[in-house]
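K.L.:
One structure coming up, written as structure tokens, with questions to follow.
Protein chains: 2
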Amino acid sequence: MKIALAQLNYHIGNFESNTQKIIDAINRARTQGADLVVFAELAVCGYPPRDFLEFTEFLELCESSVQDIAAACHGIACILGTPTRNPKTEGKDLFNSACFIEDGEIKSIVNKALLPTYDVFDEYRYFEPSAEFNCVDFKGCKIALTICEDLWNINDNPLYIAAPMDQLIEEKPDLMINIAASPFAYNHDDNRVKVLSDNSRKYSLPLLYVNQVGAQTEIIFDGGSFVFNEEGEILDQLKYFEEDLRIYEFAGGKIQDLTPVPYNPLPDIDQIHQGLLLGIRDYFTKSGFTQAVLGLSGGIDSAIVCALAAEALGPENVTAVLMPSKFSTDHSIKDAMDLVNNLGCKHYVVPIKEAADAFERMLEPAFKGLPFNITEENIQARCRAVIVMAFSNKFGYILLNTSNKSECAVGYGTLYGDMAGAISVLGDVYKTQVYELANHINREREIIPQNSIVKPPSAELRPGQKDSDSLPDYDILDRLLYQYVELKKSSRDIIAQGFDEELVRKVIKMVNKAEFKRYQTPPILRVSPKAFGMGRRMPIVGKYLS
Amino acid sequence: MKIALAQLNYHIGNFESNTQKIIDAINRARTQGADLVVFAELAVCGYPPRDFLEFTEFLELCESSVQDIAAACHGIACILGTPTRNPKTEGKDLFNSACFIEDGEIKSIVNKALLPTYDVFDEYRYFEPSAEFNCVDFKGCKIALTICEDLWNINDNPLYIAAPMDQLIEEKPDLMINIAASPFAYNHDDNRVKVLSDNSRKYSLPLLYVNQVGAQTEIIFDGGSFVFNEEGEILDQLKYFEEDLRIYEFAGGKIQDLTPVPYNPLPDIDQIHQGLLLGIRDYFTKSGFTQAVLGLSGGIDSAIVCALAAEALGPENVTAVLMPSKFSTDHSIKDAMDLVNNLGCKHYVVPIKEAADAFERMLEPAFKGLPFNITEENIQARCRAVIVMAFSNKFGYILLNTSNKSECAVGYGTLYGDMAGAISVLGDVYKTQVYELANHINREREIIPQNSIVKPPSAELRPGQKDSDSLPDYDILDRLLYQYVELKKSSRDIIAQGFDEELVRKVIKMVNKAEFKRYQTPPILRVSPKAFGMGRRMPIVGKYLS
Chain A
1 MKIALAQLNY
11 HIGNFESNTQ
21 KIIDAINRAR
31 TQGADLVVFA
41 ELAVCGYPPR
51 DFLEFTEFLE
61 LCESSVQDIA
71 AACHGIACIL
81 GTPTRNPKTE
91 GKDLFNSACF
101 IEDGEIKSIV
111 NKALLPTYDV
121 FDEYRYFEPS
131 AEFNCVDFKG
141 CKIALTICED
151 LWNINDNPLY
161 IAAPMDQLIE
171 EKPDLMINIA
181 ASPFAYNHDD
191 NRVKVLSDNS
201 RKYSLPLLYV
211 NQVGAQTEII
221 FDGGSFVFNE
231 EGEILDQLKY
241 FEEDLRIYEF
251 AGGKIQDLTP
261 VPYNPLPDID
271 QIHQGLLLGI
281 RDYFTKSGFT
291 QAVLGLSGGI
301 DSAIVCALAA
311 EALGPENVTA
321 VLMPSKFSTD
331 HSIKDAMDLV
341 NNLGCKHYVV
351 PIKEAADAFE
361 RMLEPAFKGL
371 PFNITEENIQ
381 ARCRAVIVMA
391 FSNKFGYILL
401 NTSNKSECAV
411 GYGTLYGDMA
421 GAISVLGDVY
431 KTQVYELANH
441 INREREIIPQ
451 NSIVKPPSAE
461 LRPGQKDSDS
471 LPDYDILDRL
481 LYQYVELKKS
491 SRDIIAQGFD
501 EELVRKVIKM
511 VNKAEFKRYQ
521 TPPILRVSPK
531 AFGMGRRMPI
541 VGKYLS
Chain B
1 MKIALAQLNY
11 HIGNFESNTQ
21 KIIDAINRAR
31 TQGADLVVFA
41 ELAVCGYPPR
51 DFLEFTEFLE
61 LCESSVQDIA
71 AACHGIACIL
81 GTPTRNPKTE
91 GKDLFNSACF
101 IEDGEIKSIV
111 NKALLPTYDV
121 FDEYRYFEPS
131 AEFNCVDFKG
141 CKIALTICED
151 LWNINDNPLY
161 IAAPMDQLIE
171 EKPDLMINIA
181 ASPFAYNHDD
191 NRVKVLSDNS
201 RKYSLPLLYV
211 NQVGAQTEII
221 FDGGSFVFNE
231 EGEILDQLKY
241 FEEDLRIYEF
251 AGGKIQDLTP
261 VPYNPLPDID
271 QIHQGLLLGI
281 RDYFTKSGFT
291 QAVLGLSGGI
301 DSAIVCALAA
311 EALGPENVTA
321 VLMPSKFSTD
331 HSIKDAMDLV
341 NNLGCKHYVV
351 PIKEAADAFE
361 RMLEPAFKGL
371 PFNITEENIQ
381 ARCRAVIVMA
391 FSNKFGYILL
401 NTSNKSECAV
411 GYGTLYGDMA
421 GAISVLGDVY
431 KTQVYELANH
441 INREREIIPQ
451 NSIVKPPSAE
461 LRPGQKDSDS
471 LPDYDILDRL
481 LYQYVELKKS
491 SRDIIAQGFD
501 EELVRKVIKM
511 VNKAEFKRYQ
521 TPPILRVSPK
531 AFGMGRRMPI
541 VGKYLS
């Protein structure tokens, strides 16, 4: 039996495109002699569909898409992820399902049992967990078909009580197939390999695993679908961050003609680089835009976003706007221009002095000689937002936000100023990782000007300002933030690790106080296991611990 | 046996304040002879604590607060809502619990079974549903104690399979007590009364119901705790939108000394008015601010927000900034000044022409004579945001957003412009309701200038502009939006109701296209069953139906 794994890039709610893509893959797989083609979790509608699932019309479109796909399934079977309705009147209305389709008909439906609700996931909001587990029979082969986290209860994971495979194994299946929508984080693939490999070994069965690929606003799927043998060894892996379709021969209880290969993941920074490129590209492709605009300061963050945008969209589709203030240094403008020249993207220079001065004059009667402070710093940042948003509105460009995760965390940024944008490219990349990324981008030739990398970071909103006036060194700050944001440690535990007590309390307080700002920031491309946004839901008006 | 119901206003994460409030209520109840005092769901930490629940330190503070409260429980027992840890290694780490505390000790713990995950709720993200149901024994009385939605499976509600009361009734309880954190929506109290009354009648038991009161950022709790007799009749009701503590005598299976009273809810518009006042007041009180600032246009929306802020915070704590553009009409300034004079709040006049002209000059080299369009309209709106945010930054004022729900829905507003603010006051109030609210506020004397109410709505961003140039009449628009946003109807279903087909498609498309804007808007005080924000989670880059 020949089984094709189809790792595709879906678009949430775009039934026409998803259906066509799926049918094309079915036809390609059939042409190549496949008996069965496997698609990812919720392939029909894209993942995560969120509250679209509460619209009857959306469900009807899922159903008619499944019918159209089924009609294309002749001479080949397919496994297809889709929401289906719960026929019982008890429980939630829907299941997260895998349809087994053969001869133009849905022959059986497998429903997901272990519904994630942590971080970015909300599956229990929509779906009833399955309590029934049955293998699928196809051409004399018994397939233990599961959906994503239904395999994650391995190794005594205490989160889940049920263990679908423990029930399916009773039927003595020949093969495991798992369809997933498992989002990218730079460390997540290691976990996936371990969990999947452990399953193969525990149940002594080969395992075919199909993930989605592509970005859905902030959530990036990295693909990298796997084939394991019954000893938990990797036999093959599909591409990362790209669509792929491969066919495997399964016979005599084994995947044929393949020998184990070592697990050889990309280094974290490569993964982040590839993930961000896909995130940018899909934001534009799927929202129907082609051109990006951003403010270019001469600093490292905006330089990297500009370089990534140029790589993802083509430099001809990127417009950099240099907006020097009276506090900008000459080298900033030179560094920004060097980057523009390295990339070959369009640029404009729009000094902000005239507007900033106008606001200061207009506010003088109210502010009556009060000293220059953060208010005037923010006015400059907001003048820049007015300018780049004018480019966005006038020319239909999408504004890319250039804030990094360290700044987002401590609120070192101006709401409606440099925190503006349609999508945040670096909001899940700590400043220390930003430097790594710069060196990675420069690995073959200097793209990011060396001076943008080596000079001390500064917002240049007052004379001689440096980030280090307000913030600890980024290598300390980022390690501290990781403990609090990613690991949710208390100040007590962080101090016990040797961090300065006063610093810990100050930084945690800054993180907590910035919650109201983060609520209004753009969606952030998620590359870590804990990005700001949907995956971290903190009260705004709460009394925070510190 | 005397039972006190304590309807208190908690502050999420403010353990010191919540604990003190609870102990004060225990002492007051004891002084008045109560044997038992009942507090709301998650009273110890406030509701909803969201991802605070993932921080170990937060749970430790819940536990130490419960210990402190228990130590105050001598000569009186209490029922106290708190998260507790799941002692089993299987399942989620926490329960949403009611502790029964007597003689300084936790005597028993009841856990919630039916965990809401719809709209603003995320309980399954944190809590394991209970599978065990036992009554609580106190002074020879058997109490069927449940938490919030554990009573909502009445009347064959298909959402839930389990029915905690159906199991508890087996123990032949004498009394039902339900502790809740049931958020306000203008139509929600009617449902609550029906569900609670149906429970009393179904199980032939008196029911004491304690809700929270107070606002937690966008979510408002309206209090209005109830006492029902065993025939489902209302015997008493605690105050709406205020703290309250009342004591009831329970003996011989009945609540004593009370005769049934009719259910007499406030009209919707009164409820919305009271809810918004509480929402504004608690945002300021709980975040530690006293002063508000807002842009006042002369139109009805900003006039109402200004009036509500003056009522909630005192006019001396409200600063209105009039920011006429070259397109503002004389009557707008007069209408705004009339309001300022009616309310007695502070005001400034800061015309925006100088800054708007500066931006247009600065952008001229890039825009090269392209005609005035929505770009220049947005520049004006963004100049206003720069100005009011400067007031916010300079003086520590909180910026109130003045957009209404109709505008939010169709994206009729400028991101980083009039969509700015720390909290949106009217973002869940349709324009037609805004008019009702104006008339309600004016019920005794003219506060909102009549001219602001009767003149055609306009953003005044180009000569002679009116909302009706871009939008249908609000009475049609709002009915259409209600069908799509609240009821999630398809265009097909809405058209079948008699709405114009072209209009339906246009409006739904506008709603969908505005998703990226709404993602970045401030939290919106929730007064309806479906507010924009946490309770409506739509993809941004999705292909929408229309």
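Note that the protein sequences, when read in sequence, are chains A and B. Using full-length UniProt numbering, you'd call the opening residue of the first sequence number 1 and step up by one each time. Using full-length UniProt numbering, you'd call the opening residue of the second sequence number 1 and step up by one each time. All C-beta atoms in this analysis are idealised placements derived from N, C-alpha and C, irrespective of residue type, glycine included. Everything numeric in this text was worked out from a predicted model, so none of it was measured.
Would you mind sorting L487(A) into buried or exposed? The rule is 16 or more other CB atoms within 10 Å of its CB.
P.N.:
Classification for L487(A): exposed.
K.L.:
Within 10 angstroms of the Cβ of K334(B), are there 16 or more other Cβ atoms? Answer buried if so, exposed if not.
P.N.:
Burial call: exposed.
K.L.:
Between Y348(B) and V321(B), how many whole angstroms is the CB-CB distance? I'm expecting something under 8 Å.
P.N.:
5 Å
K.L.:
List the residues of chain A whose Cβ lies closer than 8 Å to the Cβ of Q216(B), in chain order.
P.N.:
The contacting residues are P539, V541 and G542.
K.L.:
Let's see if you can read the secondary structure: which residues bound the alpha helix (DSSP H) around residue 548(A)?
P.N.:
In the structure as shown, chain A starts at 1 and stops at 546, and residue 548(A) therefore has no counterpart that could be examined.
K.L.:
Residues in the same chain with beta-carbon distance under 7 Å from S468(A), minus the five sequence neighbours each way, listed in chain order, please.
P.N.:
So the list reads P456, once near-sequence residues are dropped.
K.L.:
Confirm, please, whether the CB-CB distance from I79(B) to V38(B) is below 8 Å.
P.N.:
Yes. Within cutoff.
K.L.:
Determine, using beta-carbon pairs with one atom in the region 493-512 of chain B and one in the region 191-208 of chain A, whether at least three such pairs fall under 8 Å.
P.N.:
No, the region 493-512 of chain B does not touch the region 191-208 of chain A.
K.L.:
In chain A, which residues lie with their C-beta within 8 Å of the C-beta of P523(B)?
P.N.:
Y519 and I540
K.L.:
At what residues does the alpha helix (DSSP H) containing L399(B) begin and finish?
P.N.:
For L399(B), there is no enclosing alpha helix (DSSP H); the enclosing beta strand (DSSP E) has its first and last residue at I398 to N401.
K.L.:
Determine the DSSP secondary structure at S470(B), reduced to helix, strand or coil.
P.N.:
helix
K.L.:
How should Q32(A) be labelled, buried or exposed, when 16 other C-beta atoms within 10 angstroms of its C-beta is the threshold for buried?
P.N.:
exposed
K.L.:
What residues from chain B crowd round M362(A), counting only those whose CB sits closer than 8 Å?
P.N.:
V350, P351, I352, E354, A355 and I387
K.L.:
With a threshold of 7 Å, establish whether the CB of S287(A) neighbours any heavy atom of the ligand MG.
P.N.:
The ligand MG is not part of the structure shown, which contains no ligands of any sort.
K.L.:
Closer than 7 Å between beta carbons: that is the criterion. Which residues of the region 6-23 of chain A meet it against chain B?
P.N.:
H11, I12, G13 and N14
K.L.:
Which first and last residues belong to the alpha helix (DSSP H) in which Q380(A) is found?
P.N.:
I374 to F395
K.L.:
With a Cβ-Cβ cutoff of 8 Å, do K2(A) and D35(A) count as a contact?
P.N.:
yes
K.L.:
Look at the alpha carbon of A366(A) and the alpha carbon of V318(B), and state the distance between them as a whole number of angstroms.
P.N.:
15 Å
K.L.:
Rounded to whole angstroms, what's the CA-CA distance from N229(B) to Y47(A)? Just pull it up for me.
P.N.:
48 Å
K.L.:
From the beta carbon of K488(B), is the nearest beta carbon of chain A less than 8 Å away?
P.N.:
Chain A has a Cβ within less than 8 Å of the Cβ of K488(B).
K.L.:
Please go through the same chain and pick out, in chain order, the residues whose beta-carbon is closer than 7 Å to the beta-carbon of E149(A), but skip the five residues on each side of it.
P.N.:
L114 and P116
K.L.:
Check the Cβ of L370(A) against every Cβ in chain B and list those closer than 8 Å, keeping chain order.
P.N.:
K394
K.L.:
Have a look at the DSSP bridge pairing and note the partners of H331(B).
P.N.:
Beta-bridge pairing links H331(B) to no other residue.
K.L.:
Mind listing the chain A neighbours of F184(B)? Cutoff is C-beta to C-beta under 7 Å, in chain order.
P.N.:
Correct list: empty, because the minimum Cβ distance to chain A is about 16 Å.
K.L.:
Would you mind reading off the limits of the beta strand (DSSP E) that contains A459(B)?
P.N.:
First-last for A459(B): undefined, no H or E at that position.
K.L.:
Roughly how many angstroms separate the alpha carbons of D428(B) and F359(B), rounded to a whole number?
P.N.:
When rounded, the distance between both Cα atoms is 33 Å.
K.L.:
Can you find a CB in chain B that lies within less than 8 Å of the CB of P49(A)?
P.N.:
yes
K.L.:
Please classify P164(B): is it buried, with 16 or more other beta-carbons within 10 angstroms of its beta-carbon, or exposed?
P.N.:
P164(B) counts as buried, since no fewer than 16 other beta carbons sit within 10 angstroms of its beta carbon.
K.L.:
List the whole-angstrom C-beta distance separating V44(B) from S65(B), where the pair is believed to meet the contact cut-off of C-beta under 8 Å.
P.N.:
5 Å
K.L.:
Just mark Q433(B) as buried or exposed, buried being the case when its beta carbon has 16 or more other beta carbons within 10 Å.
P.N.:
Q433(B) is buried by the Cβ-count criterion.
K.L.:
How is V321(A) classed by DSSP in three states: helix, strand or coil?
P.N.:
strand
K.L.:
Among E90(A), I300(A), I280(A) and N211(A), whose alpha-carbon lies nearest the alpha-carbon of Q291(A)?
P.N.:
Nearest in C-alpha terms to Q291(A), of all of E90(A), I300(A), I280(A) and N211(A), is I280(A).
K.L.:
On the CB-based measure, 16 or more other CB atoms within 10 Å of its CB, does A180(A) come out buried or exposed?
P.N.:
buried
K.L.:
For the region 55-64 of chain B against the region 102-113 of chain B, are there 3 or more C-beta pairs whose distance is under 8 Å?
P.N.:
no
K.L.:
Could you check the C-alpha separation between G295(A) and E515(B) for me, to the nearest Å?
P.N.:
24 Å
K.L.:
So with CB distances below 8 Å, who are the chain A contacts of L503(B)?
P.N.:
Neighbours of L503(B) on chain A: none; closest Cβ ~18 Å, over 8 Å.
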